[in-house]
Amino acid sequence: MNILMMILLTVLIICAVVVSFIKSLTASVIVFGSFSLVVAVIWMLLESPDLAITEAAVGAGVTGLLFYATLKKIGSIKDANKKEKKVLYRVFRITAGLLIVMLAAALIFCMFDLPGLFSPDHPGENVVAERYIESGIEETGAVNFVAGMILDYRAFDTFGESNVLFAATICVMVLLLVQNRGKKEDLPESKEYYEDLKDEKEIEPKIIKNDVILKTVAKVAVPFILMFGLYVILNGHLSPGGGFSGGAIVGSGFILASVAFGFDRMERFLNKKSAGIITFVSLLVYCLAKSYSFFTGANHLESGIPLGTPGAILSSGLILILNICVGLVVACTMYSFFSLMRRGKI
Amino acid sequence: MWEQIYNHFNDIVAAILFVIGFSNLLFQKNLIKKIIGLNIMDVAIYLLLASQGYISGRLAPILSGGSENAATYINPIPSGLVLTGIVVSVSVTALMLSMTIRLYRKYKTLDLDEILIKVRKEKDNKEES
Numbered sequence: 007m008n009i010l011m012m013i014l015l016t017v018l019i020i021c022a023v024v025v026s027f028i029k030s031l032t033a034s035v036i037v038f039g040s041f042s043l044v045v046a047v048i049w050m051l052l053e054s055p056d057l058a059i060t061e062a063a064v065g066a067g068v069t070g071l072l073f074y075a076t077l078k079k080i081g082s083i084k085d086a087n088k089k090e091k092k093v094l095y096r097v098f099r100i101t102a103g104l105l106i107v108m109l110a111a112a113l114i115f116c117m118f119d120l121p122g123l124f125s126p127d128h129p130g131e132n133v134v135a136e137r138y139i140e141s142g143i144e145e146t147g148a149v150n151f152v153a154g155m156i157l158d159y160r161a162f163d164t165f166g167e168s169n170v171l172f173a174a175t176i177c178v179m180v181l182l183l184v185q186n187r188g189k190k191e192d193l194p195e196s197k198e199y200y201e202d203l204k205d206e207k208e209i210e211p212k213i214i215k216n217d218v219i220l221k222t223v224a225k226v227a228v229p230f231i232l233m234f235g236l237y238v239i240l241n242g243h244l245s246p247g248g249g250f251s252g253g254a255i256v257g258s259g260f261i262l263a264s265v266a267f268g269f270d271r272m273e274r275f276l277n278k279k280s281a282g283i284i285t286f287v288s289l290l291v292y293c294l295a296k297s298y299s300f301f302t303g304a305n306h307l308e309s310g311i312p313l314g315t316p317g318a319i320l321s322s323g324l325i326l327i328l329n330i331c332v333g334l335v336v337a338c339t340m341y342s343f344f345s346l347m348r349r350g351k352i
Numbered sequence: 028m029w030e031q032i033y034n035h036f037n038d039i040v041a042a043i044l045f046v047i048g049f050s051n052l053l054f055q056k057n058l059i060k061k062i063i064g065l066n067i068m069d070v071a072i073y074l075l076l077a078s079q080g081y082i083s084g085r086l087a088p089i090l091s092g093g094s095e096n097a098a099t100y101i102n103p104i105p106s107g108l109v110l111t112g113i114v115v116s117v118s119v120t121a122l123m124l125s126m127t128i129r130l131y132r133k134y135k136t137l138d139l140d141e142i143l144i145k146v147r148k149e150k151d152n153k154e155e156s
């Protein structure tokens, strides 16, 4: 436990309290972004670079963007807080406060029963972790033990997770696309709603045309962001990162490009159809590569791909392919989340 | 006492963050603030998990110096679990935000209490007619 970690943890608590009490919604989203950035530094201090790179890309990057897109769509930046004086309301608040204090006391009391921080005699430090590290390179060929673990030993876990992303995209599409071409009776005050849409369409191109700074910066930054994302994906088995973090970086590169140069240009190669096909094919490849163990009684079969020398880019068998699949799924998902929220379609 | 707090500092911070996030869920009326509260709770859980995996003086779980001894590296399992969690939490956030957009389109407010009142009124109107 060093002093830097203590300071960062204190900053975390301060950020969380500020988020709760600040009035403006935009400000609270900004503070939440800095909260995520501090968390990324803490992961680095805890020697988990995989988490740090994912948190910086997903937590501080894409989550904040999604909040912004929502706020922009809603157009309500002020958090209107009216005071109510009903007795029942006050009773509720006092009871909830008591509940929270009790919860805090119980949680902190339980924390003292855990083994001390950072000590080697931790119950989690057992044969499983030992096995992953000591025979990881022989069995998976991945230099990054975390990549070897999540994409080989626990590949099903990761497959389920990719499917969660896919399902989330479908749900967001159902929620946001349907109304655009829905029946008229579904739309309350439909006149107003269509007027809103018209305004948005008129305003958007103007903003894009005038923004010289954004365009110039994006011209320089987007290629590097995409290149870095691809590097992180392709080196997932050698260095920190992998499909999830690299995919999020590529996705945020797409988002920057679409904001700077307009969604129409992005649509030429990443639209509803192509994003769907890419996601589906990636998930299918992943499924075919790993689902054989359903039929062999959960036995681990040789994939037929040589493991290669650990440390080379073309090594570790299936992990490289699976990383690419996961990266594609994540990149398409992140871009379609933003696009759906910003303008209501992909 | 102080020594114990020092020994469990990360865990206690995780507990406090969890409680702050939970109180955001309970007390805030604004839907966006509620979602941020849920995200803070997520981070609290990840912090607790990752702190359990770290052992002081050990290295990140990436082969370095050719050492394949398990005592050289930290526990990779919490890293894998938290990695899964981070990506799932962003999809949950996106889902909740799109629901918020839908609610706002229909009721023109982000205040959960007002939305509930409007829903109740709508129901009454339907029953009357």
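Protein chains in written order, with this note's numbering: chain A, 7 to 352; chain B, 28 to 156.
Cβ coordinates follow ideal geometry from the N, Cα and C atoms, glycine included.
Contacts around residue i, its chain only, beta-carbon distance under 6 Å, and the 5 residues preceding and following it disregarded
i: residue 266 (chain A); result: 220, 221 and 224
i: residue 56 (chain A); result: 152 and 246
i: residue 64 (chain B); result: 48, 51 and 52
i: residue 260 (chain A); result: 341
i: residue 278 (chain A); result: 352
i: residue 302 (chain A); result: none
i: residue 114 (chain B); result: none
Rounded straight-line distance, which links the Cα of residue j to that of residue i
i: residue 324 (chain A); j: residue 295 (chain A); result: 8 Å
i: residue 289 (chain A); j: residue 249 (chain A); result: 13 Å
i: residue 56 (chain B); j: residue 240 (chain A); result: 44 Å
i: residue 110 (chain B); j: residue 93 (chain A); result: 45 Å
i: residue 150 (chain B); j: residue 77 (chain B); result: 47 Å
i: residue 333 (chain A); j: residue 103 (chain A); result: 43 Å
i: residue 262 (chain A); j: residue 253 (chain A); result: 14 Å
i: residue 44 (chain B); j: residue 31 (chain A); result: 20 Å
i: residue 89 (chain B); j: residue 81 (chain B); result: 14 Å
i: residue 172 (chain A); j: residue 29 (chain B); result: 47 Å
i: residue 72 (chain B); j: residue 281 (chain A); result: 32 Å
i: residue 31 (chain B); j: residue 46 (chain B); result: 20 Å
i: residue 114 (chain A); j: residue 60 (chain B); result: 25 Å
i: residue 17 (chain B); j: residue 146 (chain A); result: One cannot answer for residue 17 (chain B) here, as it falls past the ends of chain B, which runs 28 to 156.
i: residue 238 (chain A); j: residue 251 (chain A); result: 7 Å
i: residue 200 (chain A); j: residue 105 (chain A); result: Interpretation of residue 200 (chain A) is limited by its pLDDT of 46, a score under 50 that renders its predicted location unreliable; the figure taken from the coordinates is listed afterwards. For residue 200 (chain A) and residue 105 (chain A), the distance between alpha carbons rounds to 45 Å.
i: residue 29 (chain A); j: residue 142 (chain B); result: 20 Å
i: residue 44 (chain A); j: residue 18 (chain A); result: 7 Å
i: residue 155 (chain B); j: residue 101 (chain A); result: 36 Å
i: residue 124 (chain B); j: residue 62 (chain B); result: 8 Å
i: residue 143 (chain A); j: residue 140 (chain B); result: 56 Å
i: residue 52 (chain A); j: residue 107 (chain B); result: 14 Å
i: residue 148 (chain B); j: residue 236 (chain A); result: 53 Å
i: residue 345 (chain A); j: residue 138 (chain B); result: 25 Å
i: residue 112 (chain B); j: residue 153 (chain B); result: 42 Å
i: residue 22 (chain A); j: residue 38 (chain A); result: 8 Å
i: residue 109 (chain A); j: residue 117 (chain A); result: 12 Å
i: residue 331 (chain A); j: residue 293 (chain A); result: 10 Å
i: residue 54 (chain B); j: residue 134 (chain B); result: 21 Å
i: residue 8 (chain A); j: residue 154 (chain A); result: 30 Å
i: residue 81 (chain A); j: residue 95 (chain A); result: 29 Å
Other residues of its chain near residue i: CB distance less than 7 Å, five sequence neighbours each side excluded
i: residue 99 (chain B); result: 85 and 86
i: residue 49 (chain A); result: 57, 58 and 61
i: residue 232 (chain A); result: 256 and 259
i: residue 130 (chain A); result: none
i: residue 136 (chain B); result: 142
i: residue 127 (chain A); result: 121
i: residue 157 (chain A); result: 164, 325, 328 and 329
Cross-strand partners of residue i (DSSP beta bridge)
i: residue 89 (chain B); result: A:150
i: residue 57 (chain B); result: B:138
i: residue 100 (chain B); result: B:86
Whole-angstrom C-beta distance between residue j and residue i, which should lie under 8 Å
i: residue 135 (chain A); j: residue 103 (chain B); result: 6 Å
i: residue 276 (chain A); j: residue 341 (chain A); result: 6 Å
i: residue 347 (chain A); j: residue 76 (chain A); result: 6 Å
i: residue 184 (chain A); j: residue 343 (chain A); result: Incorrect: roughly 16 Å between the Cβ atoms, too far for contact.
i: residue 117 (chain B); j: residue 25 (chain A); result: So it is not a contact: roughly 17 Å between Cβ atoms.
i: residue 130 (chain B); j: residue 58 (chain B); result: 7 Å
i: residue 120 (chain A); j: residue 35 (chain B); result: 7 Å
i: residue 139 (chain A); j: residue 42 (chain B); result: The pair is not a contact, with the Cβ atoms about 30 Å apart (cut-off 8 Å).
Own chain partners of residue i with C-beta closer than 8 Å, once the 5 adjacent residues on each side are dropped
i: residue 35 (chain A); result: 70, 73, 74 and 77
i: residue 317 (chain A); result: 149 and 244
i: residue 285 (chain A); result: 172, 175, 334, 335, 338 and 339
i: residue 74 (chain B); result: 37, 40, 41 and 44
Any non-hydrogen atom of the ligand ADP within 7 Å of residue i CB
i: residue 184 (chain A); result: This structure simply doesn't include the ligand ADP, nor any ligand for that matter.
Using a Cβ-Cβ cutoff of 9 Å, what residues of the segment 53 to 65 of chain B are near chain A? List them in chain order. 53, 54, 55, 56, 57, 59, 60, 62, 63 and 64
Between the segment 23 to 54 of chain A and chain B, which residues of the former have a C-beta closer than 8 Å to a C-beta of the latter? 23, 25, 26, 31, 34, 35, 38, 41, 42, 45, 48, 49, 52, 53 and 54
May I ask you to list, following chain order, the residues of the segment 79 to 94 of chain B that have a beta carbon less than 8 Å from some beta carbon of chain A? 79, 80, 81, 82, 83, 85, 86, 87, 88, 89 and 90
Any residues in the segment 144 to 170 of chain A with a beta carbon nearer than 8 Å to a beta carbon of chain B? Which ones, in chain order? 149, 150, 151, 152, 155, 156, 160, 163, 164, 167 and 170
When you check each C-beta in the segment 101 to 113 of chain B against every C-beta of chain A, which residues fall closer than 8 Å? 101, 102, 103, 104, 105, 106, 107, 109, 110, 111 and 113
Residues, ordered as in the chain, of the segment 233 to 251 of chain A that lie near chain B by beta-carbon distance below 9 Å: 244, 245, 246, 248, 250 and 251
What residues in the segment 117 to 135 of chain B bring their beta carbon closer than 7 Å to a beta carbon of chain A? 117, 118, 120, 121, 122, 124, 125, 126, 127, 128, 129, 131, 132 and 133
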